[in-house]
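Novice: Taken in order, these protein sequences are the chains called A and B. Using our numbering, the first residue of the first sequence is number 10, and each one after it goes up by one. Using our numbering, the first residue of the second sequence is number 1274, and each one after it goes up by one. Every residue gets a Cβ at the ideal spot worked out from N, C-alpha and C, and that includes glycine. Pasting in a structure now, in structure tokens, and then I'll have a few things to ask.
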Amino acid sequence: MTPDRLQDGIYFRSGQRPPPYFRLLLLDFPPSTQPTEAGSAIGRTLTMLGDLRQGNVRDLVGQDDEQTARAADEFRGTDFMVAFGARLFDNKQHNPPLVGSPRPDFLVRLAGDDEAFPALPWGVLSDRRGESDVALRLTGFSEASVNRSAVEIWKLQQDEKLAFKIVASFEGFSRRDGRGWLDFHDGVSNIESSERLVAIQAGPDPAWMGGGTYMCFLRFAVDLSAWRALDRAEQELIVGREKLTGRPLIGINRGPAGEVLPVAEAGAAAGQGVAPGADFREPPEVSDPLVKASHLQRANRNRASPSAPAAYRIYRQGYEFLETLDDHGPRLGLNFVSFQGDLGRLRRVLHLPTWLGDINFGGLPAGSAEHPPLQLISLVAGGLYCIPPSESPFPGAQLFNRSADESRAAR
Amino acid sequence: MPVPSVFARGDQLNRSANALSRRSSCSYRSTVNESARAEPTGISDFARGDDILWASRVHSALGAAVAKYGPTPYLRETADEGLPDTTFTDWTAFPRRIADCLSRAQARLLLDWRTDTGDEGRSRFQDEYAEWRTLRSADGKICRFELTTELPEYWVWLAGRHPKRTLELIARFAGEDSVDARAVYGDGDILDDTQREAAFTQNMLGEGTSPYNDGAQAICCMRQPTNTLDSLLELVVASAQRRLVTDDVSGFKRCANAAEVIPLLWGAAEIGRESDPVLVEHLARLAFEGRLIALDGLPCIYIHGVQIERLRTPDGLRVPAEWFSLERCARPGTSSADEPRPQRLVFEIPEAHAFCVGDLTDIATGQPVSYGADIAELVQLAVSFRISPPGAVEERIFVPDCAEVRTGWEEFRTGRLAEPPNDLYGQAP
């Protein structure tokens, strides 16, 4: 089997679990940046992050071996990934143009009107950040490791006057119980580990992206008050799972007063897998319209593997966030992060009816008195990014390899 | 952008577009196209008793598929008792395989390839059970997009049995008052239904050059060689089997995926498409769960939805659903909840607006709509099935891997390794 060329930090192999802490750093180049300046700024930053993993902190040059080992221990398992947004390819933003290659077809800025996607509006408090020339995704096993990495990048930029500015940063964490803010299991129906690479890896169109992947970052605010106003059965119908066990719903019964009683599949609870060692479970076919309209069923409508392109499978790695907590309640949500070989696939999931194109999260699109549609999530920030494959000196370096003449000609 | 040479017939096509009148469309409450205009539900091509005759034709095709791929305990010919539930498999009409073989940009161009003899790109490469044509204005911009999922076998049958209705439909599609029968059936003497079927096939399908199905004046049904009833039924029959594999990583048994199953299907499905692999896997999973499966009503591929929210006008506004016309609604299945199933889509901008389809932008790509594939990309197709509850079919303990045996049989049958005796094997599949 040919080894893949994906950058570190996707954690798709069997048994891998993403580290629990996440920070996304967004960088923009000023308009007059030269391609070589941009390339060397990225390269220098990634080199520094590599040094950091060895325990070599720039402001602590000269510390002894024991202190260096402690620093290395703190940064052990911290991964960084470099991604490029649509802005990098936009010649209106860059004079001279920074890259010689046209942008990949579906790598676009999210629509600036009310809804970035048909059923996913921008939130009231959103400042619609999330898009930039470059995104650096940091993941690690401690809050200190990802936050220190981010601040070391700032220090480096300041000290060496690197040709970028940090325009935004988003943090997140994951729970050890495999649940999200909705208190339901999340990520259980991700993809069979043996099939993930097929879902993640991009083809050679354009050539420099062959073996890379694409990332979608959507920072959702979750209306937890609205969610908690629902009873458990209503929540289970919207998610498509039994809350305590995570088992997928297969139908409904009616109680004495006509109330809906969700029925879950028999068998092992979520997280226990189909069998020991298996870390994935496909949802069952269901026929009840309410269950069929649940988030679980909509997100995997055809129940097929990534080897069927129309299965539109994406590999998710979400991180929760809590921004504020005051008299108005918590401002919290999810950093939805997905990797896919083709951003068109994500578009279809979020645009197609009966998938997630006609409902905000889950449930019947038209709703009813009994099951009104729920406006649960709104977009705080978001962006689409391409993640070139690993190469020397850094992923995507060939994009910046342009002579001054070429840059002038491209103006 | 310069107009590619394949669109050199833009002037002529534009005149055709102007001649086309507004049509009514299916009245169905799609989740996307709720405002689609009204046409009576169900194709009205059938005279009394015709539904039985067409069903008989489908029965024969299904029998041939079973003879070729072997019977399966999971498939029922009709959705009678015991199959209370409905499910569907969906995909989009953009021919992914072509883009993966070339690039998306090249595929978009190739798929609209026109020559003086017709829609070359359509008849060779539009292979997702949907075919389209574009009409362009003098400046090369698309002013009208038509897509059909109607099966050629149905049209052959219709053309043989109901020539008047056939010509009426074709005239409507072409925006003409009437159509000269010779343009559809040729100049030969025609005495009966069978001869009409043959004449229609010769002129409108395959290498036929009638302008009423080569995209010059109209398209009325699919003609790409794999977009057929026989292909669909063979795919369904071959796929509706329970197939288990041992997962490479976990070491546990699981339902085989499309990449693992398709090589065993003896050419019934093709890897890399949108339609085939997802149908293969969905049916295999239903069989894996021990469900009985039947096509929901007479077989058809229908338009389930359109991602209209991706389109923006030059003013940045959304495109209303009314600009899409959904037509040729197939008879729904046996469920009372079934919605009509449109098999034809027409998209154009009302004359009151000073822009055309080619002036729209797809927000998902940031590109203007320049090719028919850009609209096909938005169109969601589906096939509907009736299914039983799980566990209706007793689990087969032994599922042989037939690929090697079938390959050997094919080599034997075609005489690659030895000449088969014709008296015994001449009629083999």
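1) Rounded to whole angstroms, what is the Cα-Cα separation between A:Pro127 and A:Leu119?
2) Ordered along the chain, which non-local residues of its own chain (more than five positions away) have a Cβ less than 6 Å from that of A:Pro285?
3) Please name the residue in A:Ile19, A:Pro28, A:Arg14 whose C-alpha comes closest to that of A:Glu329.
4) Chain B partners of A:Phe8, CB-CB under 8 Å?
5) List the residues that DSSP assigns as beta-bridge partners of B:Ser1598.
6) Quickly, what does DSSP pair A:Asp37 with across the bridge? List them, please.
7) Tell me where the alpha helix (DSSP H) around B:Trp1430 begins and ends.
8) Among the candidates A:Leu35, A:Arg53, A:Lys301, whose CA atom is the shortest distance from the CA of A:Lys174?
9) Exposed or buried, B:Arg1527, counting other C-beta atoms within 10 Å across all chains shown (16 or more means buried)?
10) Once the 5 residues before and after B:Asn1291 are set aside, which same chain residues still bring their CB inside 8 Å of it?
11) When you compare only the Cα positions, how much space is there between A:Asp240 and A:Ile19?
12) Mind listing, in chain order, the continuous beta strand (DSSP E) runs of no fewer than 3 residues lying wholly within the segment 20-79 of chain A?
13) Could you confirm whether any beta carbon from chain B is found closer than 9 Å to the beta carbon of A:Val9?
14) Note down, in chain order, each residue of its chain lying with its Cβ closer than 7 Å to the Cβ of B:Asp1318, except the 5 sequence neighbours on either side.
15) Specify the secondary structure class of B:Tyr1342 as computed by DSSP and reduced to three states.
16) Going by the DSSP bridge assignment, what does B:Tyr1575 pair with across the sheet?
17) Pull up the DSSP beta-bridge partners for A:Ile261, would you.
18) Measuring alpha carbon to alpha carbon, tell me which of B:Cys1675, B:Gly1664, B:Glu1684 ends up nearest B:Gly1355.
19) Buried or exposed: which applies to A:Ala313, given that a residue is buried once 16 or more other Cβ atoms fall within 10 Å of its Cβ?
20) Which of the three DSSP states is assigned to B:Pro1313 in this structure?
21) Which residues does DSSP list as the beta-bridge partners of A:Trp131?
22) Count the other CB atoms, across all protein chains shown, that sit within 10 Å of the CB of B:Ser1333; report buried if there are 16 or more and exposed otherwise.
23) What in chain B is Cβ-close to A:Ser203, meaning under 8 Å?
24) Counting only Cβ-Cβ distances shorter than 8 Å, please list the residues of the segment 1553-1582 of chain B near chain A, keeping chain order.
25) Counting only Cβ pairs nearer than 7 Å, list the residues of chain A close to B:Asp1503.
26) Quick one: what does DSSP say B:Asp1487 is sitting in, helix, strand or coil?
27) Is the Cβ of A:Pro397 closer than 9 Å to any Cβ of chain B?
28) Using a beta-carbon distance below 9 Å, is B:Glu1533 in contact with chain A?
29) Check each residue of the segment 1375-1406 of chain B: if its Cβ is closer than 7 Å to any Cβ of chain D, include it; give the result in chain order.
30) Using the Cβ count rule (16 or more neighbours within 10 Å means buried), how would you classify B:Pro1357?
31) Considering only the beta carbon of each residue, do B:Gly1631 and B:Arg1445 sit closer than 9 Å?
32) Please report the distance separating the alpha-carbon of B:Leu1654 from that of A:Asp60.
33) Less than 9 Å between the C-beta atoms of A:Gly64 and A:Phe84, yes or no?
34) Would DSSP call A:Tyr394 helix, strand or coil?
35) Cβ closer than 9 Å: which chain A residues qualify as neighbours of B:Ala1548?
36) Considering only DSSP beta bridges, list what A:Asp335 is partnered with.
Specialist: From the atom records:
1) Residue 127 of chain A sits at position 118 when you count from the first residue of the first sequence. Residue 119 of chain A sits at position 110 when you count from the first residue of the first sequence. Going from the Cα of A:Pro127 to the Cα of A:Leu119 covers about 12 Å.
2) What you label residue 285 of chain A is simply residue 276 of the first sequence in a count that begins at 1. Only weak support exists for where A:Pro285 lies, its pLDDT of 40 falling under 50; the value from the coordinates is given anyway. Cβ neighbours of A:Pro285 beyond the five flanking positions: none.
3) If you number the first sequence from 1, residue 329 of chain A lands on position 320. Nearest option by C-alpha distance: A:Pro28.
4) Only positions 10 to 420 of chain A appear in the structure, and residue 8 of chain A is not among them; the question remains open.
5) Numbered from its first residue, the second sequence carries residue 1598 of chain B at position 325. Per DSSP, B:Val1619.
6) The residue you call residue 37 of chain A lines up with position 28 of the first sequence. Per the DSSP secondary-structure output, A:Asp37 pairs in a beta bridge with A:Lys174.
7) The residue given as residue 1430 of chain B occupies position 157 in the second sequence. Residues 1425-1434.
8) Looking up residue 174 of chain A in the first sequence gives position 165. When only C-alpha atoms are compared, the closest one is A:Leu35.
9) Walking along the second sequence from the start, residue 1527 of chain B turns up at place 254. Its Cβ being crowded by 16 or more others within 10 Å, B:Arg1527 is buried.
10) If you number the second sequence from 1, residue 1291 of chain B lands on position 18. Confidence is the limiting factor: at B:Asn1291 the pLDDT is only 38, short of 50, which leaves the residue's position unreliable and the question unanswerable from this model.
11) The residue you call residue 240 of chain A lines up with position 231 of the first sequence. The residue you call residue 19 of chain A lines up with position 10 of the first sequence. Approximately 36 Å, taken between the alpha carbons.
12) 30-37
13) Only positions 10 to 420 of chain A appear in this structure, which leaves residue 9 of chain A out of reach.
14) Counting from one through the second sequence, the residue named residue 1318 of chain B turns up at place 45. Excluding sequence neighbours, B:Asp1318 sits near Leu1431, His1435, Arg1438.
15) Position 69 of the second sequence, counting from 1, holds the residue named residue 1342 of chain B. In this structure, B:Tyr1342 counts as helix in the three-state DSSP scheme.
16) Reading the second sequence from its first residue, position 302 is the one you call residue 1575 of chain B. B:Tyr1575 is bridged to B:Ala1655.
17) Mapped onto the first sequence, residue 261 of chain A falls at position 252. Partner(s): A:Pro271.
18) To locate residue 1355 of chain B, count along the second sequence from 1; it is residue 82. Here the closest residue by C-alpha is B:Gly1664.
19) Here residue 313 of chain A refers to the residue found at position 304 of the first sequence. The residue is buried, with at least 16 neighbouring Cβ atoms inside 10 Å.
20) Within the second sequence, residue 1313 of chain B is the residue found at index 40, counting from 1. Here the model assigns B:Pro1313 a pLDDT of 41, short of 50, so the residue's position is not dependable and the matter cannot be decided.
21) On the first sequence, position 122 is the one that residue 131 of chain A refers to. Paired residue(s): A:Leu388.
22) As a first step, residue 1333 of chain B is located in the second sequence; it is residue number 60 there, counting from the start. Result: exposed.
23) Taking the first sequence and counting its residues from 1, one reaches residue 203 of chain A at position 194. Simply Asp1520, Asp1521, Val1522, Ser1523.
24) Val1553, Glu1554, His1555, Arg1558, Leu1559, Glu1562, Arg1564, His1577, Gly1578, Gln1580, Glu1582
25) The sequence position of residue 1503 of chain B within the second sequence is 230, counting from 1. Under the 7 Å cutoff, chain A gives no residues; its nearest Cβ is about 21 Å from B:Asp1503.
26) Residue 1487 of chain B sits at position 214 when you count from the first residue of the second sequence. Three-state DSSP puts B:Asp1487 in coil, outside helix and strand.
27) Stepping through the first sequence from its first residue, residue 397 of chain A is reached at position 388. False, the Cβ-Cβ gap to chain B never drops below 9 Å.
28) Residue 1533 of chain B sits at position 260 when you count from the first residue of the second sequence. At least one chain A Cβ lies under 9 Å of B:Glu1533.
29) You won't find chain D in this structure, because its protein chains are A and B.
30) By 1-based counting over the second sequence, the position of residue 1357 of chain B is 84. Per the 10 Å Cβ criterion, exposed.
31) Counting from one through the second sequence, the residue named residue 1631 of chain B turns up at place 358. Counting from one through the second sequence, the residue named residue 1445 of chain B turns up at place 172. Cβ distance not < 9 Å, so B:Gly1631 and B:Arg1445 don't count as in contact.
32) Residue numbering aside, residue 1654 of chain B sits at position 381 when the second sequence is read from its first letter. Residue numbering aside, residue 60 of chain A sits at position 51 when the first sequence is read from its first letter. Spanning the two alpha carbons is a distance of roughly 52 Å.
33) Numbered from 1 along the first sequence, position 55 holds the residue referred to as residue 64 of chain A. Numbered from 1 along the first sequence, position 75 holds the residue referred to as residue 84 of chain A. For A:Gly64 and A:Phe84, yes; Cβs fall inside 9 Å.
34) Counting from one through the first sequence, the residue named residue 394 of chain A turns up at place 385. If DSSP states are grouped into helix, strand and coil, A:Tyr394 belongs with the strands.
35) Start at 1 with the first residue of the second sequence, and residue 1548 of chain B comes out as number 275. The question names Ala, but residue 1548 of chain B in the sequence shown is Ser. Result: Ala319.
36) Mapped onto the first sequence, residue 335 of chain A falls at position 326. DSSP lists A:Gly338 as partners of A:Asp335.
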